[in-house]
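Below is one structure, written out as C-alpha cells; comments come after it.
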Amino acid sequence: MGYLYLLLVAFLFSFSGTCAKIIGPYFSSEYISFFRFVFGVFFLLLLKFITKHHFANDFKAQFKKVGVWLFFGAAGKEISYLAENYGLTHGVSYGNILAQPVQLLFIVFVSVVVFKEKLTKRKALFIIPCVLGTLLVSWNGRALSDYLSGDAALLLLYVVSGIGAACHIIAQKKVADSMDIIDSNLTLFMMAACLAFFPI
Numbered sequence: 024m025g026y027l028y029l030l031l032v033a034f035l036f037s038f039s040g041t042c043a044k045i046i047g048p049y050f051s052s053e054y055i056s057f058f059r060f061v062f063g064v065f066f067l068l069l070l071k072f073i074t075k076h077h078f079a080n081d082f083k084a085q086f087k088k089v090g091v092w093l094f095f096g097a098a099g100k101e102i103s104y105l106a107e108n109y110g111l112t113h114g115v116s117y118g119n120i121l122a123q124p125v126q127l128l129f130i131v132f133v134s135v136v137v138f139k140e141k142l143t144k145r146k147a148l149f150i151i152p153c154v155l156g157t158l159l160v161s162w163n164g165r166a167l168s169d170y171l172s173g174d175a176a177l178l179l180l181y182v183v184s185g186i187g188a189a190c191h192i193i194a195q196k197k198v199a200d201s202m203d204i205i206d207s208n209l210t211l212f213m214m215a216a217c218l219a220f221f222p223i
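Using the numbering used here, read the sequence shown as starting at 24 and increasing by one per residue.
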C-alpha cells in the first residue's frame, strides 16, 4: 500500500504545474497559492472525518511545544507556493524542474550543517542519482534550450520554491515525534492559508 500511496501522490502533484498554468490568466499567483492551501485544509479535514480521527486531548500543549516549527514550515510552504505559482503563471508549465533537486540538496545541507547529522560517503553517493533522476524525469526529453531560454528570474524563483518546500519538510520532521502527522499538517496548512491571504 505504501508504494501505491507514493504513486498516487506523484500522480496528483504532477498536475499542479499544468493546472496553475491553465488558471493563470484568470487568477493571480497569490490567489492560486491561497486556494491550494484552502483545498489542502479541506481534504485533510475530510480525511479526519472519514478516518474518525480526533485531535489529541493535549493538542494545545503539543502546539506550544512545536508551534515555532509549525510556523516555520507554514512560512516555508507559503514562500514555496508563491514562488512556484508566480513562475508557472508567467513562464512555462514545466519550468519548475529545479524545485525538487533544490529541495533535496537543501534538506541535506541543513541536516548536515545545522542539525549535525552525519553524511556518509554511501549516502552522498546515492544522492547524486536521486538528483539526476529527478532532473531527467522532470526534463522529459525536452530541448535544453527550452529551459535556458527562459527568464533567469523565473528560474531563481523555482530555486526559492525548492528551498521553501524543504523548510516545510524539515518542520514536519521536527514535529513528527510530538504531534500526529494529520494534525500537524492540518495546523500547518491552516497557518499557511492565513499567511497566503494577506498578499491577496
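Even for Gly, the Cβ is constructed at its ideal location relative to N, Cα and C.
A distance below 6 Å between beta-carbons, with the five flanking residues on each side excluded, links S52 to the following residues of its chain, in chain order: N108, Y109 and T112. For L142, the three-state secondary structure derived from DSSP is coil.
In chain order, V198 place their CB closer than 6 Å to the CB of S207, counting only its own chain and leaving out the 5 sequence neighbours on each side. Per DSSP, I73 is one residue of the alpha helix (DSSP H) stretching across S52 to I73. When rounded, the separation of the alpha-carbon atoms in L93 and A194 is 6 Å. At a Cβ-Cβ threshold of 8 Å, V131 and I150 count as neighbours.
Linking A219 to S103 through their CA atoms gives a straight-line distance of about 11 Å.
Here the alpha carbons of G90 and M214 stand approximately 10 Å from one another. Taking a 10 Å sphere around the C-beta of L142, we find fewer than 16 other C-beta atoms and assign the residue as exposed. The Cβ neighbour count for A189, taken over all protein chains shown within 10 Å, is at least 16; the residue is labelled buried.
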